[in-house]
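Read the structure below first, then the notes.
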Amino acid sequence: MKKGIRGRIIFILVTVFVSFLFFLPSTPLYSKLPPWWGKYLPNKGITLGLDLQGGMHLVLEVQGEKAVDNTVDRTVGSLKGSLEAKKVAVQSIKREGREILLSFAPESKEAVSKVVDQDYPNFVIKQSGAGEVVLALRETEVKRILDNSTSQALETIRNRIDQFGVSEPLIQKQGANQILVQLPGIKEPQRAIALIGRTALLEFKLLDDENPIARQLPPRVEGDEEAKILQEYQGKIPPTDQILFERVVDSETGKVTKRPYLVKSQAALSGDLLSDARVSIDQFNGKYVAITFDPIGAKLFEKVTEENRRHRLAIVLDNTIYSAPVINEKISGGRAQISGSFTTQQANDLAIVLRAGALPAPVTIIQNVTVGPSLGQDSIEKGLKAGVIGTALVVVFMAFYYRFSGLVADFTLVLNVILLIGALAALNATLTLPGIAGIILTIGMAVDSNVLIFERIREELRAGKPVRLAVNAGYDKAFLTIVDSHVTTLITAFVLFIFGTGPIKGFAVTLSLGVIINLFTSLVGTKVVYDLVINRRKVERLSI
Amino acid sequence: MFEVFGKTQIDFVGKRYFFFALSTLLVALGLFSLVQISRGKANLGIDFAGGAAIQLKFSQPIHIDAARKALDDNGLKHAELQQVVEDNKLLIRIKKQDVVEQNVRERVQEVFSKAFPDNQFVVESSTEIGPTVGQKLQSDALVAVLISMFCIVVYIALRFEFRFGIAATIATFHDVFAVLGIFFVLNKEINLLVVTALLTIAGYSLTDTVVVFDRIRENLKGRRKESLDQTINDSINQVLSRTFNTSVTVFLAVLAIYFFGGEVIHDFALAMILGIIIGTYSSWFVASPLLLLWRKRVGVLKRA
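Chains as they are written, first to last, in my numbering: chain Z, 216 to 759; chain F, 44 to 347.
Next up, the structure:
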């Protein structure tokens with residue numbers, strides 16, 4: 216028996232020691248530890264949840280359907296090019312939903328089919344008449360695009376966030392088309408949202424200046440009149456053209472106006488051919504973004520600038536024109552610049568999204584939780600205060616009610632808290648505000664089993680049993696009840712863990728760990744103390 | 044030995060019809076609020092309804108009426124405002140049906156910096172949740188409650204008898220519904236944290252019930268002449284101090300969260316406080332007497 220006691224005491228001491236080891240990295244003390252520490256011993260402690268350290272939690276939904284539409288759109292453009300290259304004359308190419316309607320002179324039919332079959336394996340000819348065919352995107356292809364758009368968007372967003380510079384971001388896929396982004400400790404939430412949510416589709420589109428409509432467009436419209444203009448000119452402009460706006464900020468008044476342009480819908484060049492984008496400063500101290508094309512892009516850019524000298528080329532990002540410079544000469548070497556009225560930050564962010572590439576489809580933010588750092592600090596302080604007061608109340612109550620035995624229960628309570636914190640650190644768990652509540656709740660429940668045991672011991676003592684037998688019988692009789700009551704709590708904790716999200720999960724983790732540790736401390740922790748007291752000398756009375 | 048309760052002989056079972064009536068009322072209230080919740084008529088938190096919640100901290104005290112007027116004037120009507128006076132904090136909740144556009148946070152910021160240019164503020168936290176997320180969370184929460192209930196019935200039925208399992212489950216549902224009903228009547232916001240509290244209450248209430256049931260089972264084994272009523276009464280009386288004591292310790296801990304834990308988990312703590320009171324009540328007056336109701340239909344409880 217005595218040996219058993221020693222074994223258990225050593226075991227308890229070891230668990231306490233290990234708990235301290237695991238918890239150390241979570242304390243400010245960690246920075247003072249010798250460097251070999253992290254090599255051999257725990258170097259990661261408890262992570263604070265976003266609600267405690269401040270930060271941003273975003274759930275984005277990828278509009279995969281748009282990616283499918285975009286693919287069809289792009290095909291319309293390239294199909295035209297391919298047919299022209301093969302000298303096949305077509306009357307019109309139109310997109311209708313996810314289908315492409317091609318009409319041409321009846322004799323070109325074979326040539327058209329040949330081009331489609333050879334160059335566009337993703338499409339099938341769905342209908343074909345004498346002078347027209349309808350192409351449809353294959354079902355398998357639609358599915359592939361939908362599946363890919365989320366993973367691609369995830370990669371792009373990860374790139375952007377990496378370049379934005381956030382320490383320890385969490386970016387993961389959630390469900391079929393959602394992306395979870397957590398940015399701890401972020402200071403400029405609005406800027407981050409703008410950066411993450413931007414589609415960043417960069418295109419170069421030629422202005423259609425020769426069209427008389429272009430000259431009829433008003434030079435400036437108020438910021439909110441875009442829709443009106445679009446409606447007014449709808450139907451008047453040729454089907455191959457579109458109206459896009461440039462955002463103009465008056466440098467003195469800061470007033471925003473829009474300048475409409477008539478541009479060719481078909482992009483002459485798009486941003487996926489970029490190899491680099493950086494911020495530079497011109498001689499007037501204005502910021503611009505210098506872009507470099509990859510070899511294919513450079514060749515294409517050279518060709519476009521050569522063929523369209525004296526024309527204007529609009530630089531379009533997400534359907535907004537940044538600038539529309541005149542092409543003075545053939546530009547070779549694959550370098551260009553995007554100027555506009557940028558602040559340094561805007562120019563930086565633009566460079567980031569251009570480097571990281573465009574999202575395959577637009578994303579919408581369906582959940583956005585932002586917690587300021589001050590609130591997080593506040594929550595920690597309040598949680599600590601509530602924890603200390605709660606513990607003190609329970610400790611005092613137990614000591615008052617059960618006297619010496621109450622103190623024994625208090626000892627296990629402290630043991631409980633130490634082990635729980637150690638376990639949280641060992642699992643590298645994320646501590647959230649509900650998690651703190653879970654710890655405090657565990658403190659309240661920690662003495663639960665002790666109360667059960669004590670009440671049993673009291674009953675045995677009342678029945679006239681000697682102390683040692685009463686204690687042992689108390690433990691034996693309470694054992695199954697304790698197990699039952701713990702298991703039921705564990706069941707709810709597990710369900711919370713499986714179905715809960717974010718902070719709720721944190722609560723479930725602390726609650727289930729608390730319950731398990733509780734079982735250990737109440738059955739092993741207190742028993743050791745009793746065995747020590749009872750076995751050392753003959754005890755006549757027990758303070759309980 | 045210090046004792047709050049000495050050797051008691053309270054007749055819990057004898058007054059059961061009074062308490063059944065009281066409990067039926069509580070549960071009916073809970074069911075009614077559940078119906079209202081599913082119809083969207085309850086004060087659903089934005090995590091379930093979708094919308095935005097923004098917490099601002101001002102440098103000087105702010106009048107809630109002036110704040111409401113500023114929001115109203117700028118088209119953000121029906122915003123729910125709540126003030127934390129000692130910290131100059133203002134909580135603004137805007138439910139989805141009132142939100143026309145994205146980025147409510149920016150709009151609110153704009154409104155306040157224009158309306159109160161002399162009172163600087165910081166946005167301490169903001170939460171914006173789309174309606175689809177809210178619906179998903181709603182159904183997830185329901186599934187979570189049902190699954191945990193099912194698991195518990197199975198466990199209790201395995202450990203005891205099926206009828207114990209059913210009685211324990213009814214008592215647990217009773218507690219959860221009662222707290223939900225009270226929250227509804229108080230017009231407290233029902234959000235994800237409150238659901239968490241409800242599930243925790245379910246687990247806790249079961250713990251309480253299991254302890255009493257354990258004793259009943261034990262006493263049934265040694266029973267000779269006493270009636271079942273008497274056995275149940277004796278069992279409850281025997282574990283009275285333990286039920287009371289454990290409830291007190293948990294109550295003290297949760298009370299500390301309620302008063303000192305901050306506004307974020309205030310309602311969570313309130314739900315827990317109510318849950319502990321009702322859970323203790325139900326394990327005395329509802330769960331065990333329920334076993335008697337069963338007897339009348341199915342016959343005498345067999346000795347385990």
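All residues carry an ideal CB built from backbone N, CA and C; glycine is no exception. These numbers come from a predicted model, not from an experiment.
* To do: For the stretch 407 to 488 of chain Z, list the beta strand (DSSP E) runs that are entirely contained and at least 3 residues long, ordered along the chain.
  => 417 to 421, 456 to 464, 471 to 479
* **Proximity test, Cβ basis, 8 Å: Q561/Z and chain F** => no
* Counting contacts by CB-CB distance shorter than 8 Å, is T13/F in contact with chain Z? -> Residue 13/F cannot be examined here, being either before or after the span of chain F that is shown, 44 to 347.
* On the premise that L65/F lies in contact with F612/Z, defined as a C-beta separation below 8 Å, what is that separation, rounded to the nearest angstrom? -> Contact doesn't hold; Cβ gap of about 29 Å is too wide.
* Where does T647/Z sit, in a helix, a strand or coil, going by DSSP? -> coil
* Collapsed DSSP secondary structure at I672/Z in the structure displayed -> helix
* Look at the alpha carbon of Y335/Z and the alpha carbon of V291/Z, and state the distance between them as a whole number of angstroms. => C-alpha separation (whole angstroms): 11 Å.
* Just the chain F side, please: which residues come within less than 7 Å of K600/Z by C-beta, in chain order? => F303
* Asked: Does the pairing of the stretch 582 to 594 of chain Z with the stretch 268 to 275 of chain Z give three or more beta-carbon distances under 8 Å?
  -> yes
* Distance between beta carbons of I107/F and F159/F, contact taken as under 8 Å -> Not confirmed; about 12 Å, so no contact.
* Would you please verify whether the beta carbon of T274/F is less than 8 Å from any beta carbon of chain Z? => Taking 8 Å as the CB threshold, T274/F stays off the interface with chain Z.
* To do: To the nearest angstrom, report how far apart I553/Z and Y503/Z are at their CA atoms.
  => 6 Å
* Any C-beta of chain Z under 8 Å from that of L295/F -> Yes - at least one Cβ of chain Z is within 8 Å of the one on L295/F.
* At a cut of 8 Å, does the stretch 189 to 203 of chain F reach the stretch 595 to 613 of chain Z through at least three beta carbon pairs? -> no
* Enclosing beta strand (DSSP E) for P399/Z [first to last residue] -> For P399/Z, the uninterrupted beta strand (DSSP E) segment begins and ends at 393 to 399.
* **Residues near K761/Z in its chain [Cβ-Cβ closer than 8 Å; skip 5 each side]** => In the structure displayed, chain Z extends from 216 to 759; residue 761/Z sits before or after that span and is not available.
* Asked: Taking the Cβ atom as the reference point for each residue, do G486/Z and A409/Z lie within a distance shorter than 8 Å?
  -> no
* For G260/Z, which residues of its own chain have a beta-carbon under 8 Å away from its beta-carbon, when the five flanking residues on both sides are left out? -> F237, F238, L239, P240, S241, T242, Y245, A640, N643
* Identify the continuous beta strand (DSSP E) that holds I308/Z and give its terminal residues. => 305 to 311
* Asked: Quick one, are the C-beta atoms of S318/Z and Q333/Z less than 8 Å apart?
  -> No, they are not a contact pair.
* Alpha carbon to alpha carbon, how far is V143/F from G548/Z? -> Note that V143/F has pLDDT 48, beneath the 50 cutoff, so the model's placement of it is unreliable and no number is given.
* So S241/Z is in the beta strand (DSSP E); what residue range does that whole segment cover? -> First-last for S241/Z: undefined, no H or E at that position.
* If you draw a straight line from the alpha carbon of C194/F to that of T703/Z, how long is it in whole angstroms? -> 9 Å
* Just curious, the beta strand (DSSP E) that R148/F is in, first and last residue? -> Segment 147 to 158 is the alpha helix (DSSP H) holding R148/F; no beta strand (DSSP E) there.
* Report the residue from F626/Z, T716/Z, I496/Z, G591/Z whose alpha carbon sits nearest the alpha carbon of G269/Z. => G591/Z
* To do: Using three-state DSSP, classify G83/F as helix, strand or coil.
  => coil
* Would you please verify whether the beta carbon of L249/F is less than 8 Å from any beta carbon of chain Z? => yes
* Asked: Under the three-state reduction of DSSP, which class applies to G296/Z: helix, strand or coil?
  -> helix
* **Exposed unless 16 or more other CB atoms sit within 10 angstroms - verdict on N543/Z** => exposed
* To do: Could you tell me whether any Cβ in chain Z is nearer than 8 Å to the Cβ of P160/F?
  => no
* Rank L256/Z, A282/Z, V231/Z by C-alpha distance to the C-alpha of V578/Z and give the top, closest one. => A282/Z
* Which of helix, strand or coil DSSP assigns to V143/F -> Low confidence applies here, because V143/F scores a pLDDT of 48, under 50, leaving its location unreliable and the question unanswered by this model.
* **I581/Z - containing beta strand (DSSP E), residue span** => 578 to 586
* Residues of the stretch 94 to 117 of chain F with a CB closer than 8 Å to any CB of chain Z: list them in chain order, please. => Q98, K100
* Near-chain F residues of the stretch 647 to 661 of chain Z - C-beta to any C-beta below 7 Å -> L648, P649, A652, I655, L656, I658, G659, M660
* To do: Answer yes or no: do L72/F and V228/F have a C-beta to C-beta separation smaller than 8 Å?
  => yes
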